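Chemist: Below is the structure I would like to discuss, written out as structure tokens.
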Amino acid sequence: MKIFIFVPNENKYINMCGIVGYIGKRQAWPVLVEGLRKLEYRGYDSAGVALVSAPGDMKVYKSVGKVADLERVVAGKDTSASTGIAHTRWATHGEPSTVNSHPHTSMDGRLALVHNGIIENYAILKQKLADKGYVFSSSTDTEVLVQLIDYIQTEGSLDLLTAVQLALKEVIGAYAIAVVDRDNPDVIIAARKSSPLVVGIGDDEYFLASDATPMVEYTNKVIYLSDGEIAVLRSGEQVRIVNLDNVECSHEAQTIAMNIGQLQKGGYPHFMIKEIFDQPECIADCMRGRLNADTCSVVLSAVNEHRERFVSASRFVIVACGTSWHAGLIGKQLIETMCRIPVEVEYASEFRYRNPVISPSDVVIAISQSGETADTLAAIELAHSRGAFVYGICNVVGSSIARATDAGSYIHVGPEIGVASTKAFTGQVAVLLMFALSLAKETGTISSEEYTSTVASLDAIPDKMRQVLKQNDYIAGMSRMFTYARNFIYLGRGYSFPIALEGALKLKEISYIHAEGYPAAEMKHGPIALIDADMPVVVIATRSPLYDKVLSNVQEIKARGGRVVAVVTEGDTVISSLADFSIQVPAVPECLDALVTSIPLQLMAYHIAVCRGLDVDRPRNLAKSVTVE
66 MKIFIFVPNE NKYINMCGIV GYIGKRQAWP VLVEGLRKLE YRGYDSAGVA
116 LVSAPGDMKV YKSVGKVADL ERVVAGKDTS ASTGIAHTRW ATHGEPSTVN
166 SHPHTSMDGR LALVHNGIIE NYAILKQKLA DKGYVFSSST DTEVLVQLID
216 YIQTEGSLDL LTAVQLALKE VIGAYAIAVV DRDNPDVIIA ARKSSPLVVG
266 IGDDEYFLAS DATPMVEYTN KVIYLSDGEI AVLRSGEQVR IVNLDNVECS
316 HEAQTIAMNI GQLQKGGYPH FMIKEIFDQP ECIADCMRGR LNADTCSVVL
366 SAVNEHRERF VSASRFVIVA CGTSWHAGLI GKQLIETMCR IPVEVEYASE
416 FRYRNPVISP SDVVIAISQS GETADTLAAI ELAHSRGAFV YGICNVVGSS
466 IARATDAGSY IHVGPEIGVA STKAFTGQVA VLLMFALSLA KETGTISSEE
516 YTSTVASLDA IPDKMRQVLK QNDYIAGMSR MFTYARNFIY LGRGYSFPIA
566 LEGALKLKEI SYIHAEGYPA AEMKHGPIAL IDADMPVVVI ATRSPLYDKV
616 LSNVQEIKAR GGRVVAVVTE GDTVISSLAD FSIQVPAVPE CLDALVTSIP
666 LQLMAYHIAV CRGLDVDRPR NLAKSVTVE
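According to my numbering, the sequence shown holds residues 66 to 694 in order.
So this is what it looks like as structure tokens:
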């Protein structure tokens, strides 16, 4: 059943931090620290834990840095407790420091709280509390919230749930929180608004996390909290979910399927390289049940169930951010080419603010790996307010976008831990391709021959990807030559232009080398002035109708002393002979190029970053989902 969530028109700020909680019969610390490891991709400025073992006994441990740093701080200390909450932080208010780390406690040390989000009116609330005699030890908005709960509870002699409800009614902003009380170790109060929070249901125990990954080894039964809901977790009692007005909210636990192996490095040095190598299997999973090789057909349930809405669309508008936006650019070409319906691609952040012209005949396609991107959620809300139908493409089951859209398709590539997106990108492209094929068949805008051949080629893509991955050692060796570089240019035409953008983004994200992607023809309109021996140029130059034009671009670069890395089709001899380095990919139809040409660029970015001694899974200043304005 599809759940529709309509949120008032407000800024949806979401701080990308990770929350973990446990209450039950087992020791909480091992569960919490392992959960933090699985959520570390959400933030790695600092980490902390609050453990409640008995009435009056609460221990709070914090550390700047990664989860491993917290483990060193906690080593040898008392961690005995069966109730606890933990947090890994990506800083917004307040620099990374021990005092700004979560959990934050009330002034008397009785309450401890972890928070993912931003309290917009924290300064006003802070001043009110200061006037009441409250003293603050940090510069965070989160400490204001825990002090507010304490004040309301103490002044009114209220239970913790009521105090949390009243406090959250005064809050403007976004939050996922978990609160524990030193004097009542048998309860965790958790609440969310515009920030994800999942409750895992075990045998007389409960788990709590920002996503389901920390709990999959303990339970496959989860409840995804909706905005404005509060969960009351007590060991041995049924979970209670209410809203801010204390009205009971009914939920049925969902069964999740997740491969625990996808949450581990599996012998690889980094998650990023593991996830690059996972792509053949991930794309096979993405297509499973949708692509039938025997009948050479593609079926997307969303297209079947909402056929008339898609077929009658006057226009598609794709909204996305970052890597998902690049996938959207490919989706535009796929849909326009196959379906002959106009498509616009918008940055979600710009779409929400520029008063776009949207009509009820439009279909908005929202793309997000996490399903929690604030700008994309706001774009969905805006589209709904104008009467448009919204189709979502995301990876995380039960995410906010999955629940806020009218229909959707999961990419089914499994959890992506590396901050720089790889398999999620190819999964998004694969879903967009299947969507275009399905719709084109319904509209009759694709010939049966082209449809059948494209489906057959798509079915073979996992094997084509494996062929590309065999060049990893060559790409690793080649990449060492470019650790010196301070700037890169990436060029592509047609379907390859978005890949140039994506390749440049990958390099920027994890190597901190400035890189820009351009349509190859635009090089002459300015960027060519930058070409010299110290400016490497990556050219996607596969066999396509524009091959000769790309060849001309390569010749122009070489004439000016530029160094060229060319991604070419197997058997190419012309551009390969001109390039300083060439990476061969299997021949595929042009509309499938992105699924093979993106992999060498992912590998190249990875190996350059490794050669530079950088932590590719945790690039500086980045979190997995950019959800803070």
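Even glycine gets a Cβ: it sits at the ideal position worked out from N, Cα and C.
Because the structure is a prediction, the values reported are computed rather than measured.
What's the gap between the Cα of Val675 and the Cα of Gln667?
Modeler: 12 Å
Chemist: Tell me the rounded alpha-carbon separation between Asn308 and Pro563.
Modeler: 44 Å
Chemist: Anyone know if the C-beta pair for Thr607 and Val639 falls short of 8 Å?
Modeler: no
Chemist: Can you give the Cα-Cα distance for Gln218 and Gln212, rounded to whole angstroms?
Modeler: 10 Å
Chemist: For Thr144 and Leu116, which I take to be in contact (beta-carbon distance under 8 Å), what is that distance rounded to the nearest angstrom?
Modeler: 6 Å
Chemist: For the region 617 to 662, which segments carrying the beta strand (DSSP E) assignment without a break, of at least 3 residues, lie completely within its bounds, in sequence order?
Modeler: 628 to 634, 646 to 650
Chemist: Looking at Leu643 and Val711, is the spacing between their C-beta atoms short of 8 Å?
Modeler: A query on residue 711 cannot be resolved here, the shown segment of the chain reaching from 66 to 694 and no further.
Chemist: With a threshold of 8 Å, are at least 3 pairs of Cβ atoms found where one atom belongs to the region 480 to 497 and the other to the region 300 to 319?
Modeler: no
Chemist: CB Leu616 to CB Leu523, shorter than 8 Å?
Modeler: no
Chemist: Alpha carbons only, please: which of Ala652, Gly626, Ala624, Ile466 is nearest the one belonging to Thr634?
Modeler: Ala652
Chemist: Could you give the first and the last residue of the continuous beta strand (DSSP E) run that contains Asp427?
Modeler: 427 to 433
Chemist: Considering only the beta carbon of each residue, do Ala501 and Cys404 sit closer than 8 Å?
Modeler: Closer than 8 Å, so yes.
Chemist: Starting from Pro527 and walking both ways along the beta strand (DSSP E), at which residues does that stretch end?
Modeler: According to the DSSP assignment, Pro527 belongs to no beta strand (DSSP E) but to the alpha helix (DSSP H) extending over 526 to 534.
Chemist: Spatial neighbours of Arg625 within its chain, please: CB distance less than 8 Å, with the 5 preceding and 5 following residues excluded, ordered by chain position.
Modeler: Ile593, Ile596, Asp597
Chemist: Would you mind reading off the limits of the alpha helix (DSSP H) that contains Asp215?
Modeler: Segment 206 to 221, the alpha helix (DSSP H) holding Asp215.
Chemist: In or out: Lys90 buried (at least 16 other Cβ within 10 Å) or exposed?
Modeler: Label assigned to Lys90: exposed.
Chemist: What does the alpha-carbon distance come out to for the pair Ser171 and Ala177?
Modeler: When rounded, the distance between both Cα atoms is 7 Å.
Chemist: Does the region 511 to 531 touch the region 552 to 560, meaning 3 or more C-beta pairs lie closer than 8 Å?
Modeler: Contact fails: fewer than three Cβ-Cβ distances are below 8 Å.
Chemist: Out of curiosity, what's the CA-to-CA distance linking Ser265 and Ser561?
Modeler: Checking the displayed sequence, the identity of residue 265 turns out to be Gly instead of Ser. Their backbone Cα atoms lie some 42 Å apart in a straight line.
Chemist: Going by Cα to Cα distance, which pick from Ala453, Asn357, Met123 is closest to Val429?
Modeler: Ala453
Chemist: My assumption, with CB atoms under 8 Å, is that Val681 sits in contact with Val533. Please give the rounded CB distance.
Modeler: About 19 Å; that fails the 8 Å criterion.
Chemist: Using three-state DSSP, classify Glu136 as helix, strand or coil.
Modeler: helix
Chemist: For the candidate residues Gly396, Lys571, Ile288, whose alpha-carbon lies nearest to that of Ser464?
Modeler: Ile288
Chemist: If you follow the alpha helix (DSSP H) that Phe336 is part of, which residue opens it and which one closes it?
Modeler: Taken as a continuous stretch (DSSP letters only), the alpha helix (DSSP H) holding Phe336 covers 336 to 342.
Chemist: Looking at C-alpha atoms only, which residue of Leu210, Glu446, Gly479, Ser377 is the closest neighbour of Ala322?
Modeler: Gly479
Chemist: Thinking C-alpha only, which one of Glu401, Glu105, Lys573, Ala228 is nearest Asp215?
Modeler: Ala228
Chemist: Is it true that the CB of Val496 sits closer than 8 Å to the CB of Cys361?
Modeler: No, these two residues do not count as a Cβ contact at 8 Å.
Chemist: Does the beta-carbon of Gly198 have 16 or more other beta-carbons within 10 angstroms, so that it is buried, or is it exposed?
Modeler: exposed
Chemist: Taking 8 Å as the CB-CB limit, is Gly436 close to chain D?
Modeler: Reference to chain D is not applicable here, since this structure consists of a single protein chain.
Chemist: Have a look at the DSSP bridge pairing and note the partners of Ala255.
Modeler: Under DSSP, Ala255 shares a beta bridge with Ala243, Ala296.
Chemist: Pull up the distance between the alpha-carbon of Pro261 and that of Gly141, whole angstroms please.
Modeler: 33 Å
Chemist: Are the Cβ atoms of Thr470 and Tyr456 separated by less than 8 Å?
Modeler: Contact: yes.
Chemist: Taking the alpha carbon of Gly293 as the reference point, which residue from Asp613, Cys314, Asn285, Glu282 has its own alpha carbon closest?
Modeler: Cys314
Chemist: Round the Cβ separation of Val376 and Thr508 to the nearest angstrom and send it over; I've been treating them as touching at under 8 Å.
Modeler: 6 Å
Chemist: In this structure, does DSSP put Lys142 in helix, strand or coil?
Modeler: coil
Chemist: Let me make sure I understand the geometry here. Which of Ala378, Ala296, Gly267 has the alpha-carbon closest to that of Asn285?
Modeler: Gly267
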